[in-house]
Amino acid sequence: MRPAYFLLHLKKDLHLEWRSKDAINSMLFFALLVVVLFSLAFDPTQDASRKIAGGILCVATMFAAVSALNQAWARELRNQVLDALRMTPAPGAAMFLGKAIANFLFVTVVEIVLAPVFVVFYNLHALGNAWLLALVLPLGTWALIVNGVFFAALSIRTRNRELLLPLILFPIFIPALLGMVMSATAILTGEGDPAMWIKFLAGYDVAFTTLCMMLFEVILHAE
Amino acid sequence: MKLWRWLWLAVTLGVLAEGFHVAMYVVPPDAAQGNVQRIFYYHIPSWAGMGLFFAINLICSLVYLAVRNRNHALAIKADSLAVASAEMGVVFCLIGLVTGSLWGRAVWGIWWTWDARLTSTLVLWLIYVAYLLLRRFAAGPQMRTLAAVMAIFGYVDVPIVYMSTRWWRTQHPGPVFGGAPGSGIAPSMMPAVWWNLAGWLMWGIFVASLRYVSQYREEVKEQEAGLAALEAHEIKAGR
Numbered sequence: 674m675r676p677a678y679f680l681l682h683l684k685k686d687l688h689l690e691w692r693s694k695d696a697i698n699s700m701l702f703f704a705l706l707v708v709v710l711f712s713l714a715f716d717p718t719q720d721a722s723r724k725i726a727g728g729i730l731c732v733a734t735m736f737a738a739v740s741a742l743n744q745a746w747a748r749e750l751r752n753q754v755l756d757a758l759r760m761t762p763a764p765g766a767a768m769f770l771g772k773a774i775a776n777f778l779f780v781t782v783v784e785i786v787l788a789p790v791f792v793v794f795y796n797l798h799a800l801g802n803a804w805l806l807a808l809v810l811p812l813g814t815w816a817l818i819v820n821g822v823f824f825a826a827l828s829i830r831t832r833n834r835e836l837l838l839p840l841i842l843f844p845i846f847i848p849a850l851l852g853m854v855m856s857a858t859a860i861l862t863g864e865g866d867p868a869m870w871i872k873f874l875a876g877y878d879v880a881f882t883t884l885c886m887m888l889f890e891v892i893l894h895a896e
Numbered sequence: 205m206k207l208w209r210w211l212w213l214a215v216t217l218g219v220l221a222e223g224f225h226v227a228m229y230v231v232p233p234d235a236a237q238g239n240v241q242r243i244f245y246y247h248i249p250s251w252a253g254m255g256l257f258f259a260i261n262l263i264c265s266l267v268y269l270a271v272r273n274r275n276h277a278l279a280i281k282a283d284s285l286a287v288a289s290a291e292m293g294v295v296f297c298l299i300g301l302v303t304g305s306l307w308g309r310a311v312w313g314i315w316w317t318w319d320a321r322l323t324s325t326l327v328l329w330l331i332y333v334a335y336l337l338l339r340r341f342a343a344g345p346q347m348r349t350l351a352a353v354m355a356i357f358g359y360v361d362v363p364i365v366y367m368s369t370r371w372w373r374t375q376h377p378g379p380v381f382g383g384a385p386g387s388g389i390a391p392s393m394m395p396a397v398w399w400n401l402a403g404w405l406m407w408g409i410f411v412a413s414l415r416y417v418s419q420y421r422e423e424v425k426e427q428e429a430g431l432a433a434l435e436a437h438e439i440k441a442g443r
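Chain order of the listed sequences is A and B. In this text, residue positions in the first sequence follow the numbering used here: the first is 674, and each later residue adds one. In this text, residue positions in the second sequence follow the numbering used here: the first is 205, and each later residue adds one.
Written out as structure tokens, the structure reads:
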């Protein structure tokens with residue numbers, strides 16, 4: 674039996690990344706730099722770092738992810754791979770899903786590697802349920818990636834595409850960033866209940882995943 | 205057509221003048237805030253205009269996506285109207301933010317607070333500026349499709365943004381909010397609201413119609429140039 678189309682796309686993207694490791698390396702180093710820069714710029718005490726750490730982790734991931742997302746479709750432009758993919762009978766949504774899951778995995782790897790560094794640099798000790806972060810981070814990351822992969826495909830055929838992607842992605846992503854930061858801060862400081870924000874993030878993910886899957890075909894074949 | 209436009213402009217200016225007169229001299233000052241509250245008569249019409257034009261933008265984007273491969277003339281019209289209404293909506297949004305900020309300075313003592321409504325409006329403004337930027341950066345007919353998709357994303361995001369910022373601020377109640385206008389207004393003030401609402405919406409429709417016509421002509425010209433180039437190419441190729 675033939676595997677589903679999106680699995681083929683996913684496998685191809687994982688293969689590409691496994692051989693080059695471009696995206697993960699650049700993201701990892703970039704996120705590390707952001708963490709170091711913020712730490713130097715604000716020089717927070719332990720109490721203060723608990724309050725801002727959630728925000729910094731999210732923002733660092735966001736910037737790092739954008740640098741990699743710019744490359745997500747750009748690597749398909751070489752040798753007209755994208756045009757070839759457009760001619761295949763596979764539905765566009767499958768292609769999108771494969772690409773989104775691949776990038777989601779890359780960013781998750783970066784987060785997992787970064788988390789211990791983060792804990793050390795910011796002297797972190799979560800006061801709330803730390804394991805809830807394992808729910809918040811994937812949800813927030815998926816919100817970022819699903820929109821990011823979509824808008825990267827949207828901006829691929831424009832001028833200054835590297836500049837355009839963050840400009841159109843960030844305004845749309847703001848509510849999810851808010852949800853991610855608020856729930857991470859609630860978990861780290863132990864004040865307030867993150868449950869509402871986690872539900873909100875899940876709702877955001879469902880809404881935008883649906884929208885992206887529905888409209889991807891349109892932007893893929895935009896002439 | 206031209207005559208109608210001039211007539212419309214004349215009536216608009218008349219209504220705006222009357223609106224100014226009623227808002228500044230006829231209706232009584234607010235019991236609590238005094239004359240500062242009169243900026244409200246310019247604040248409310250800009251929100252109404254923003255809501256109207258962003259809704260038009262969404263409808264036009266949907267129409268464009270639906271008919272772009274079947275009815276080309278209608279698609280170009282829808283796209284032109286989408287641009288005109290998005291630009292007008294951004295202008296109204298900015299006017300609303302600025303008038304609100306002026307009022308906030310006088311009544312709250314600060315220009316800006318990260319209150320739910322203010323934040324979500326600012327995000328809304330950012331989204332539509334991003335939409336206009338996308339239109340500038342992308343080129344050719346594909347840009348219209350991409351922009352229409354972006355418009356749908358933006359509009360879907362609006363209620364989500366509002367919900368998130370409201371939760372955000374209910375967890376940490378803002379220190380200055382609580383004197384919000386709009387929670388009921390005295391009947392004696394209503395004439396000023398109506399006149400200005402009518403006047404500014406008419407003004408918005410006037411400017412948007414001018415912008416629509418210029419955009420429409422440009423897109424038609426672009427398309428004709430493209431067709432002419434294609435024909436010339438085919439003749440040269442001897443087909």
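Using N, Cα and C, we set each Cβ at its ideal position, and we do this for glycine too. Note that the coordinates shown come from a computational prediction; the quantities given were computed from them, not determined experimentally.
Cβ of residue 361 of chain B within 8 Å of any chain A Cβ: Along the second sequence, read from residue 1 onward, the residue named residue 361 of chain B stands at position 157. Taking a beta-carbon distance threshold of 8 Å, residue 361 of chain B counts as an interface residue toward chain A.
Chain B contact residues for residue 852 of chain A, given Cβ-Cβ distances below 7 Å: For the purposes of this step, residue 852 of chain A is taken as the residue at position 179 of the first sequence. Residues of chain B passing the Cβ test: 368.
Span of the alpha helix (DSSP H), counted from its first residue to its last, around residue 313 of chain B: Position 109 of the second sequence, counted from the start, is the residue given in the question as residue 313 of chain B. Careful: residue 313 of chain B lies outside any alpha helix (DSSP H) and carries neither H nor E.
Residues of its chain near residue 226 of chain B, where Cβ-Cβ distance is below 7 Å and the 5 sequence neighbours each way are ignored: Residue numbering aside, residue 226 of chain B sits at position 22 when the second sequence is read from its first letter. Counting only Cβ-Cβ distances below 7 Å, and skipping sequence neighbours, we find 395, 396, 399.
Local Cβ density within 10 Å of residue 377 of chain B, reported as buried at 16 or more and exposed below that: Along the second sequence, read from residue 1 onward, the residue named residue 377 of chain B stands at position 173. Reliability fails at residue 377 of chain B, whose pLDDT of 44 lies under 50, so the model's placement of it is uncertain and the value that follows must be treated cautiously. Under this definition residue 377 of chain B is an exposed residue.
Among A:837, A:810, A:796, nearest to residue 342 of chain B - alpha-carbon criterion: Sequence index remark: in the second sequence, residue 342 of chain B carries index 138 (1-based). Distance check between residue 342 of chain B and each of A:837, A:810, A:796 places A:837 closest, using alpha-carbon atoms only.
Min CB distance residue 357 of chain B to chain A below 8 Å: What you label residue 357 of chain B is simply residue 153 of the second sequence in a count that begins at 1. Yes, its Cβ sits closer than 8 Å to a Cβ of chain A.
Test item: CB-CB of residue 878 of chain A and residue 816 of chain A under 8 Å: Position 205 of the first sequence holds residue 878 of chain A. Position 143 of the first sequence holds residue 816 of chain A. Yes, the Cβ-Cβ distance between residue 878 of chain A and residue 816 of chain A is below 8 Å.
Any chain A beta carbon closer than 8 Å to residue 320 of chain B: Taking the first residue of the second sequence as position 1, residue 320 of chain B is located at position 116. The beta carbon of residue 320 of chain B does not come within 8 Å of any beta carbon belonging to chain A, so the residue lies off that interface.
Chain-ordered residues of the segment 815-841 of chain A with a beta carbon less than 9 Å from chain B: For the segment 815-841 of chain A, which is checked against every Cβ of chain B, the residues closer than 9 Å are 820, 823, 824, 827, 828, 830, 831, 832, 833, 834, 836, 837, 840, 841.
Inter-stretch contact at 8 Å, needing at least 3 Cβ pairs: the segment 284-291 of chain B / the segment 252-264 of chain B: The segment 284-291 of chain B, when compared against the segment 252-264 of chain B, does touch it at the 8 Å Cβ threshold.
Contact list for residue 364 of chain B against chain A, beta-carbon separation under 9 Å: As a first step, residue 364 of chain B must be located in the second sequence, where it is residue number 160. Close partners of residue 364 of chain B in chain A (Cβ separation under 9 Å): 848, 849, 873, 876, 877, 880, 881.
Residue environment, residue 281 of chain B, which counts as buried when at least 16 other CB atoms sit within 10 Å: On the second sequence, residue 281 of chain B is found 77 positions in, with the first residue counted as 1. The residue is buried, with at least 16 neighbouring Cβ atoms inside 10 Å.
Assigned secondary structure, residue 423 of chain B (DSSP; H/G/I helix, E/B strand, else coil): Taking the first residue of the second sequence as position 1, residue 423 of chain B is located at position 219. In the structure shown, residue 423 of chain B sits in a helix (DSSP, three-state: H, G or I).
Within-8 Å CB hit, residue 296 of chain B to chain A: Working through the second sequence from its first residue, we reach residue 296 of chain B at position 92. No, because no Cβ of chain A sits closer than 8 Å to the Cβ of residue 296 of chain B.
Alpha helix (DSSP H) segment containing residue 814 of chain A, residue limits: As a first step, residue 814 of chain A is located in the first sequence; it is residue number 141 there, counting from the start. In this chain, the alpha helix (DSSP H) harbouring residue 814 of chain A covers 806-828.
For residue 879 of chain A, the first and last residue of its enclosing alpha helix (DSSP H): Taking the first sequence and counting its residues from 1, one reaches residue 879 of chain A at position 206. Element bounds for residue 879 of chain A: 868-893.
Chain A contacts made by the segment 248-281 of chain B, where a contact means CB separation under 8 Å: Per Cβ criterion, the list reads 269.
Local conformation of residue 234 of chain B per DSSP, three classes: Residue numbering aside, residue 234 of chain B sits at position 30 when the second sequence is read from its first letter. Collapsing the DSSP output to three states places residue 234 of chain B in a strand.
Environment of residue 358 of chain B [buried if 16+ CB atoms lie within 10 Å]: By 1-based counting over the second sequence, the position of residue 358 of chain B is 154. Buried, because 16 or more other Cβ atoms sit within 10 Å of the Cβ of residue 358 of chain B.
Alpha carbon of residue 337 of chain B to alpha carbon of residue 250 of chain B, nearest angstrom: The sequence position of residue 337 of chain B within the second sequence is 133, counting from 1. The sequence position of residue 250 of chain B within the second sequence is 46, counting from 1. The C-alpha of residue 250 of chain B is placed about 22 Å away from the C-alpha of residue 337 of chain B.
Inter-residue CB distance, residue 726 of chain A and residue 797 of chain A (contact presumed, cutoff 8 Å): Position 53 of the first sequence, counting from 1, holds the residue named residue 726 of chain A. Position 124 of the first sequence, counting from 1, holds the residue named residue 797 of chain A. The pair is a contact, with the Cβ atoms about 6 Å apart (cut-off 8 Å).
Any 3 or more C-beta pairs closer than 8 Å across the segment 307-327 of chain B and the segment 815-834 of chain A: Contact fails between the segment 307-327 of chain B and the segment 815-834 of chain A, because fewer than three Cβ pairs, one in each stretch, are under 8 Å apart.
Cutoff 7 Å; reference residue 853 of chain A; Cβ partners in own chain excluding five residues on either side: Within the first sequence, numbered from 1, the residue matching residue 853 of chain A stands at position 180. The answer, listed in chain order, is 731, 809, 813, 874.
C-alpha gap between residue 327 of chain B and residue 248 of chain B, whole angstroms: In the second sequence, the residue the question calls residue 327 of chain B occupies position 123. In the second sequence, the residue the question calls residue 248 of chain B occupies position 44. Rounded to the nearest whole angstrom, the C-alpha separation of residue 327 of chain B and residue 248 of chain B is 19 Å.
Test: residue 892 of chain A CB closer than 8 Å to a CB of chain B: As a working mapping, residue 892 of chain A is identified with position 219 in the first sequence. Contact with chain B is found for residue 892 of chain A, since one of that chain's Cβ atoms lies less than 8 Å from the residue's Cβ.
C-beta contact flag for residue 780 of chain A and residue 701 of chain A at 8 Å: Position 107 of the first sequence, counted from the first residue, corresponds to residue 780 of chain A. Position 28 of the first sequence, counted from the first residue, corresponds to residue 701 of chain A. For residue 780 of chain A and residue 701 of chain A, no; Cβs fall outside 8 Å.
Proximity below 8 Å, CB of residue 284 of chain B to CB of residue 848 of chain A: Residue 284 of chain B sits at position 80 when you count from the first residue of the second sequence. Residue 848 of chain A sits at position 175 when you count from the first residue of the first sequence. Cβ distance not < 8 Å, so residue 284 of chain B and residue 848 of chain A don't count as in contact.
Under 7 Å by beta carbon: chain B residues contacting residue 618 of chain A: One cannot answer for residue 618 of chain A here, as it falls past the ends of chain A, which runs 674 to 896.
The segment 220-246 of chain B: positions lying closer than 7 Å to chain A by Cβ: Cβ contacts with chain A come from no residue of the segment 220-246 of chain B.
Own chain partners of residue 743 of chain A with C-beta closer than 8 Å, once the 5 adjacent residues on each side are dropped: Here the question's residue 743 of chain A lines up with position 70 in the first sequence. 825, 834, 835, 838.
Chain A contacts from the segment 406-439 of chain B (Cβ-Cβ distance under 8 Å): Of all residues in the segment 406-439 of chain B, none has a Cβ within less than 8 Å of some Cβ in chain A.
Extent of the continuous alpha helix (DSSP H) to which residue 319 of chain B belongs: Stepping through the second sequence from its first residue, residue 319 of chain B is reached at position 115. Bounds of any alpha helix (DSSP H) do not take in residue 319 of chain B, whose DSSP letter is neither H nor E.
Same chain only: Cβ atoms within 6 Å of residue 432 of chain B, ignoring 5 sequence neighbours per side: Locating residue 432 of chain B in the second sequence gives position 228, where the first residue counts as 1. Non-local C-beta neighbours of residue 432 of chain B in its own chain, meaning closer than 6 Å and more than five positions away in sequence, are absent.
Simplified DSSP assignment, three categories, for residue 761 of chain A: Here the question's residue 761 of chain A lines up with position 88 in the first sequence. If DSSP states are grouped into helix, strand and coil, residue 761 of chain A belongs with coil.
Residue 888 of chain A: contacting residues in chain B (beta-carbon distance under 9 Å): Here residue 888 of chain A is taken as the residue at index 215 of the first sequence, counted from 1. In chain order: 269, 353, 356, 357.
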